[in-house]
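Colleague:
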Amino acid sequence: MIIDNLLNKDNLNKEELVYLLGCEGEEKTKLFTKAAEVKAKYIGRKVYFRGLIEMSNICRKNCLYCGIRSGNTNVHRYNLTDDEVIEAAKFAWENRYGSIAIQTGEVSTKEFVDRIENLLDKINKATNHELGITLSLGEQTEETYRRWFNKGAMRYLLRIEASNRELYAKLHPNDKHHDFDERLECLKALRRVGYQVGTGVMIGLPFQTLEHLADDLLWMQEMDVDMVGMGPYVEHPDTPLYQYRDKLLPLTERFNLALKMTALLRILMKDINIAAPTALQAIDPLGREKAIKVGANIVMPNITPGAYRNDYKLYENKPCTDDAADDCKNCLEARIQLTGDEIGYGEHGNSRHFYRRRNDTTIQ
Ligand code: SAM
Ligand code: SF4
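First residue of the sequence shown? That's 258 in our numbering, and the numbers climb one at a time after it.
1. Taking Met312 as part of the beta strand (DSSP E), name the residues at either end of that continuous run.
2. List, from N- to C-terminal side, the alpha helix (DSSP H) runs of 4 residues or more that fit wholly inside the stretch 375-443.
3. Out of curiosity, what's the CA-to-CA distance linking Thr286 and Val551?
4. Is Glu442 close to the ligand SAM? I mean its beta-carbon at under 6 Å from any heavy atom of the ligand.
5. Check Gly279 in the structure and name its three-state DSSP category.
6. Tell me, please, which residues DSSP counts as bridged to Gly488.
7. Any heavy atom of the ligand SF4 closer than 6 Å to the beta-carbon of Cys316?
8. What are the boundary residues of the beta strand (DSSP E) that includes Ile359?
9. Whole angstroms is fine: what's the gap from Val370's alpha carbon to Tyr335's?
10. Under the criterion of a Cβ to heavy atom distance below 6 Å, does Arg613 qualify as lining the ligand SF4?
11. Would you check if the stretch 518-537 and the stretch 466-475 touch, i.e. whether three or more CB-CB distances between them fall below 8 Å?
12. Does the structure place the stretch 545-561 close enough to the stretch 267-281 that three or more beta carbon pairs sit under 8 Å?
13. Tell me, to the nearest whole angstrom, how far the beta carbon of Ile325 is from that of Val364; I am working on the premise that it is less than 8 Å.
14. With contact counted as at least three CB pairs below 8 Å, one residue from each stretch, are the stretch 442-453 and the stretch 299-310 in contact?
15. Note down the Cα distance separating Ile460 from Leu514, rounded to an integer number of angstroms.
16. When DSSP labels each residue in this structure, what does Gln594 get in the three-state scheme?
17. So His429 packs on Cys280, CB below 8 Å; how close in whole Å?
18. Please name the residue in Cys323, Asn329 and Met312 whose C-alpha comes closest to that of Asp340.
19. With DSSP as the reference, label Gln453 as helix, strand or coil.
20. Report yes if the C-beta of Arg326 is less than 6 Å from at least one heavy atom of the ligand SF4; otherwise report no.
21. Does the distance from the CB of Trp350 to the CB of Ile373 come in under 7 Å?
22. Tell me which residues share the same chain as Leu278 and place their Cβ nearer than 8 Å to its Cβ, disregarding the 5 neighbours each side in the sequence.
23. Between which residues of its own chain and Pro494 is the CB-CB distance below 8 Å, once the five residues before and five after are set aside?
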């Protein structure tokens, strides 16, 4: 059977990836089984937490798909106080999450850059320098990235969203704030500074084909990234892209494609960290667990104070917006145990790929 040959190959080309992205039934089961085997062999059956703090929904950009874009006047804008962020970080530390991820809309004022720098100091002091810190704060200058890195941020997540420049242009306004080359430059700058670099794409976008998705996988491989967070595109009524909702694949098919993308990425990039994105759970209550079974090894429990969660709505049906942080922890723990994986409590769970590409054997 053609699938057996493909899954035994060391590398897959575009045509083969397109075939695998389209497979169903017994072939899909084989693909998922292979991805699970690769995960167990190269990184083990462990899942690491990144307590997600959605620090602010204020954004200078106007991405055509995103519910918190600056042009959406229906959003109540918020900005957590430093104390609220530190409290959330302490919650993660006390509950042995190992790491946090701070995410915001994109702001690049001097005040914002200084604030993050100071906040990193405060978080580290309050948590005995024991938490791993991921930032996802959009496009910034190399100097800004360096300042934050020097204060202890070790990972940075900046999705390319779509690695095809024509598709990227259809998802963003055509101006200097939404420039494909600039985004690429930022990813290169993050690498130069020394971060574990994460990127990712949305899956099931309007105008997107299986060929685009195959190219996305090959692009991530070529960029040799350390971490990936990718998930289904979920439409939001207050965004320009909503007008194309009739052209979208049904949500269940976008979900199915996202699982296949995760499995294929695990086969292509055996020792990177792959997040099981919350957007999966927006479609299927067991979405993240299904992603863990086919190769994902990172989960991002939301630890944003409950009062703000409803205002960080990137898309419809965002899950857990009503839960307090510890409810989330308990339900997640039980769910992950059901997958048969173990939770790496109190561990950073850094990308093994990052250490390997630097010939460094001290994995933390
Ligand atoms: N502002 C930063 C940035 O854009 O890199 C970080 C926060 S942004 C909200 C995080 C991610 O949310 C984006 O990279 C994008 O992929 C995802 N996102 C936004 N709108 C989405 C949607 N409608 N469906 C799925 N994911 C979405
Ligand atoms: Fe802002 Fe990020 Fe949303 Fe774009 S995806 S509008 S940069 S928060």
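Cβ atoms here follow ideal geometry from the backbone N, Cα and C, with glycine treated the same way.
Just so it is clear, the structure is predicted and the values come from calculations on it, not from any experiment.
Modeller: If we stick to the structure as given:
1. The residue you call residue 312 lines up with position 55 of the sequence shown. Taken as a continuous stretch (DSSP letters only), the beta strand (DSSP E) holding Met312 covers Gly308 to Ser313.
2. 399-407 and 422-428
3. Indexing the sequence shown from 1 puts residue 286 at position 29. Indexing the sequence shown from 1 puts residue 551 at position 294. Each residue's Cα considered, the two are about 10 Å apart.
4. One-based indexing of the sequence shown puts residue 442 at position 185. Every heavy atom of the ligand SAM is 6 Å or more from the Cβ of Glu442, so no.
5. For this step, residue 279 is matched to residue 22 along the sequence shown. It is coil, neither helix nor strand.
6. Translated into positions along the sequence shown, residue 488 becomes position 231. DSSP output for Gly488 lists Met459 as bridge partner(s).
7. In the sequence shown, residue 316 corresponds to position 59, counting from 1. At least one heavy atom of the ligand SF4 is nearer than 6 Å to the Cβ of Cys316, so yes.
8. Numbered from its first residue, the sequence shown carries residue 359 at position 102. Where Ile359 is concerned, the enclosing beta strand (DSSP E) stretches over Ser356 to Thr361.
9. To locate residue 370, count along the sequence shown from 1; it is residue 113. To locate residue 335, count along the sequence shown from 1; it is residue 78. Each residue's Cα considered, the two are about 17 Å apart.
10. For the purposes of this step, residue 613 is taken as residue 356 along the sequence shown, with counting starting at 1. Not so, every heavy atom of the ligand SF4 lies at least 6 Å from the Cβ.
11. yes
12. no
13. Here the question's residue 325 lines up with position 68 in the sequence shown. Here the question's residue 364 lines up with position 107 in the sequence shown. Not quite, the Cβ-Cβ distance comes to about 12 Å (not below 8 Å), so this is no contact.
14. no
15. Taking the first residue of the sequence shown as 1, we reach residue 460 at position 203. Taking the first residue of the sequence shown as 1, we reach residue 514 at position 257. Going from the Cα of Ile460 to the Cα of Leu514 covers about 7 Å.
16. Your numbering for residue 594 matches position 337 in the sequence shown. Helix at Gln594.
17. To locate residue 429, count along the sequence shown from 1; it is residue 172. To locate residue 280, count along the sequence shown from 1; it is residue 23. No, His429 and Cys280 are not in contact; Cβ-Cβ is about 31 Å, not under 8 Å.
18. Counting from 1 along the sequence shown, the entry for residue 340 is found at position 83. Here the closest residue by C-alpha is Met312.
19. Numbered from 1 along the sequence shown, position 196 holds the residue referred to as residue 453. The answer is strand: DSSP assigns Gln453 an E or B state.
20. Reading the sequence shown from its first residue, position 69 is the one you call residue 326. Yes, Cβ of Arg326 sits closer than 6 Å to a heavy atom of the ligand SF4.
21. Here residue 350 corresponds to residue number 93 of the sequence shown, with the count starting at 1. Here residue 373 corresponds to residue number 116 of the sequence shown, with the count starting at 1. The answer is no: Cβ separation not under 7 Å.
22. Translated into the one-based positions of the sequence shown, residue 278 becomes position 21. Only Leu467, Leu470, Ala471, Leu514, Lys517, Met518 and Leu521 meet the Cβ criterion.
23. Position 237 of the sequence shown, counted from the first residue, corresponds to residue 494. Glu573, listed in sequence order.
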